[in-house]
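Novice: Before I ask anything, here is the structure I am working with.
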Amino acid sequence: MAISTSTPPDGAPGTAAPDGTGSGAERQRRSTLLHRLDVRGAPYAFVAPFFVVFAAFSFYPLIYTSWISLHRVELSTLNVMEWVGFDNYTALWEDDRFWNALLNTFTIGVLSTVPQLLMALGLAHLLNYQLRGSTFFRVAALTPYATSVGAAALVFTMLFERDFGMINWMLGLVGIDNIDFENNKWAAQTAISTIVIWRWTGYNALLYLAAMQAIPRDRYEAAAIDGASRWQQFLKVTVPGIRSTIVFTIVLSTIGATQLFGEPLIFGQGPNGITGGADNQYQTLGLLLYEEGWKNYQMGRAATVAWAMFLLLIVLFVVQRVVKRVLARRA
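The opening position of the sequence shown corresponds to residue 1 in full-length UniProt numbering, with each subsequent residue numbered one higher.
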């Protein structure tokens with residue numbers, strides 16, 4: 001009786017492929033699975049580094065700072081914590097220095113943000129025209145932003161110096177006596193606001209310019225045909241066209257004003273920089289945080305100030321959203 005010795009074809013059920021990887025159907029399933037993992041998992045792999053860095057340098061410090069704010073912790077002994085609950089927040093609420101720093105932060109923020117954004121809007125409107133050397137002017141507008149805050153604050157501190165500053169020299173030419181910018185509250189806050197305006201006006205102007213260039217030209221042509229002047233075109237076409245960018249710069253400037261630190265610190269020229277002057281006349285929340293943590297060595301209170309700044313930004317964001325919705329409903 002003859003016995004068949006034929007070999008089953010490759011890929012037949014119950015047989016293994018010559019390379020040992022399984023049947024053709026199994027290879028197909030594995031290939032499909034790897035393709036799905038590649039398509040669905042690749043986006044998560046690309047964004048994973050951001051979330052890892054964010055968790056390490058933003059989320060974890062945020063949680064740890066909130067934990068420290070509930071303890072009495074000194075800078076020299078960070079490993080020793082005494083639970084105090086919300087006592088740090090209660091003490092901060094009753095501290096006159098906190099309310100003074102909050103008021104100073106608000107006034108300096110207004111003095112620097114409002115003129116800064118108005119000047120940036122006007123500068124962007126001028127740069128939006130076809131000017132000779134427009135690239136040079138755009139680069140020049142961005143130069144103050146690229147300048148170190150330390151260098152800028154130091155130069156402006158020399159300009160506003162009481163006895164030998166150029167500002168007082170120019171005021172003297174018109175018969176105005178020397179102004180003690182550092183020891184006068186409003187003069188000091190105006191000088192600090194000038195530094196902020198100089199550094200950020202060009203940056204915001206370029207943001208406005210980019211938004212203006214995205215507005216279709218036919219809108220301006222239609223407005224010109226209807227008899228609208230340049231000023232009317234600016235109010236009726238340009239401003240509504242960049243409204244979202246204006247809101248963005250307002251939010252960005254508000255955050256920057258709340259965290260203001262380098263300019264007033266250097267403007268104080270020494271120990272008075274930390275306290276915001278001899279009478280705390282220009283001490284901001286950022287300076288108060290630094291004073292509590294690195295001068296008084298009370299890291300728990302410093303963390304409390306940091307969380308107060310964070311909660312303040314949340315409140316401002318909520319107010320901005322509410323105002324935006326109210327205006328949208330009226331429109």
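We put the CB at the ideal spot given by N, CA and C, even for glycine.
Using the beta-carbon count (16 or more within 10 Å), is L311 buried or exposed?
Specialist: Counting Cβ neighbours within 10 Å, L311 comes out exposed, since fewer than 16 surround it.
Novice: Just to confirm before moving on: does the CB-CB distance between residue 364 and L260 stay below 7 Å?
Specialist: The structure shown has nothing for residue 364, since the chain only spans 1 to 331.
Novice: With a threshold of 16 other CB atoms inside 10 Å of the CB of A278, please say whether the residue is buried or exposed.
Specialist: It is exposed - the Cβ of A278 has fewer than 16 other Cβ atoms within 10 Å.
Novice: Per DSSP, what kind of secondary structure is V237 in: helix, strand or coil?
Specialist: Residue state, collapsed to three classes: helix.
Novice: Report yes if the CB atom of I255 is closer than 7 Å to the CB atom of A153, and no otherwise.
Specialist: Going by C-beta atoms, I255 is not nearer than 7 Å to A153.
Novice: For Q298, write down the residues that DSSP places opposite it in a beta bridge.
Specialist: Looking at the DSSP assignment, Q298 forms a beta bridge with E74.
Novice: With DSSP collapsed to three states, give me the class of T21.
Specialist: Unreliable placement is indicated for T21, whose pLDDT of 47 sits below 50; no coordinate value is reported for it.
Novice: Which of the three DSSP states, helix, strand or coil, is assigned to E221?
Specialist: It is helical.
Novice: On the criterion of 16 or more Cβ atoms from any shown chain inside 10 Å, does E94 qualify as buried, or is it exposed?
Specialist: Per the 10 Å Cβ criterion, exposed.
Novice: Identify every residue that forms a DSSP beta bridge with W83.
Specialist: Paired residues: H71.
Novice: Evaluate S112 with the Cβ neighbour count: other Cβ atoms within 10 Å of its Cβ, from every protein chain shown; 16 or more gives buried, anything less gives exposed.
Specialist: The residue is buried, with at least 16 neighbouring Cβ atoms inside 10 Å.
Novice: Quick check: what's the CA-CA separation for N272 versus P264?
Specialist: Cα-Cα distance, rounded: 10 Å.
Novice: For the alpha helix (DSSP H) holding F267, just list the boundary residues, first then last.
Specialist: It spans 262 to 267 - the alpha helix (DSSP H) in which F267 sits, taken as one unbroken run.
Novice: So for Y282, helix, strand or coil by DSSP?
Specialist: If DSSP states are grouped into helix, strand and coil, Y282 belongs with coil.
Novice: Should N280 go down as buried or exposed, given a rule of 16 or more other Cβ atoms within 10 Å for buried?
Specialist: Result: buried.
Novice: Please list, in chain order, all residues of the same chain as L316 whose beta carbon is under 7 Å from its beta carbon, the five residues on each side excluded.
Specialist: Once the five neighbours on either side are set aside, the close Cβ partners of L316 are T254.
Novice: Since R138 and L206 should fall inside the 8 Å C-beta cutoff, what is the C-beta to C-beta distance between them, to a whole number of angstroms?
Specialist: The Cβ separation is near 7 Å, so the contact holds.
Novice: Rounded to the nearest angstrom, how far is the Cβ of V84 from that of L103, given a contact under 8 Å?
Specialist: V84 to L103, Cβ: 27 Å. No contact.
Novice: In chain order, what residues of the same chain have a beta carbon less than 7 Å from the beta carbon of T245, not counting five sequence neighbours either side?
Specialist: Cβ neighbours of T245 beyond the five flanking positions: L207, Y208, A211.
Novice: Return the CA-CA distance between S76 and A303, expressed in angstroms with no decimal places.
Specialist: Cα to Cα, the separation comes out at about 15 Å.
Novice: Report the option in A222, G241, R321 whose CA atom is closest to the CA atom of V251.
Specialist: For the residues A222, G241, R321, the minimum Cα distance to V251 belongs to R321.
Novice: I think T107 touches Q189, with their Cβ atoms under 8 Å apart; what is that distance to the nearest whole Å?
Specialist: Indeed, because the Cβ distance is near 6 Å, the residues count as touching under 8 Å.
Novice: Taking C-alpha atoms, which residue in K185, I192, E161, W186 lies nearest to N178?
Specialist: Of the candidates K185, I192, E161, W186, the one whose C-alpha sits nearest the C-alpha of N178 is E161.
Novice: D96 lies in the alpha helix (DSSP H); which residues open and close that run?
Specialist: 96 to 127 is the span of the alpha helix (DSSP H), which, as asked, contains D96.
Novice: Compare the beta carbon distance of residue 356 and G262 with 7 Å and say whether it is the shorter of the two.
Specialist: Residue coverage of the chain in this structure runs from 1 to 331, which leaves residue 356 outside it and unanswerable.
Novice: Taking all protein chains shown into account, decide if Y44 is buried (16 or more other Cβ within 10 angstroms of its Cβ) or exposed.
Specialist: Looking at its Cβ environment, which holds fewer than 16 other Cβ atoms inside 10 Å, Y44 is exposed.
Novice: Find the nearest neighbour of L127 within the set G165, A141, Y282, judged by alpha-carbon distance.
Specialist: For the residues G165, A141, Y282, the minimum Cα distance to L127 belongs to A141.
Novice: Leaving out five residues before and five after E156 in sequence, what residues of the same chain have Cβ atoms less than 6 Å from its Cβ?
Specialist: The question names Glu, but residue 156 in the sequence shown is Phe. Excluding residues within five positions, the ones whose Cβ falls inside 6 Å are I195.
Novice: Using 6 Å as the cut-off, classify the Cβ of N272 as near or not near the heavy atoms of the ligand ADP, replying yes or no.
Specialist: In the structure on display, the ligand ADP does not appear, and there are no ligands present to speak of.
Novice: Taking DSSP as the reference, what is the three-state secondary structure of F164?
Specialist: Coil, per DSSP.
Novice: Buried or exposed: E291, going by 16 or more other Cβ atoms within 10 Å of its Cβ?
Specialist: E291 should be labelled buried.
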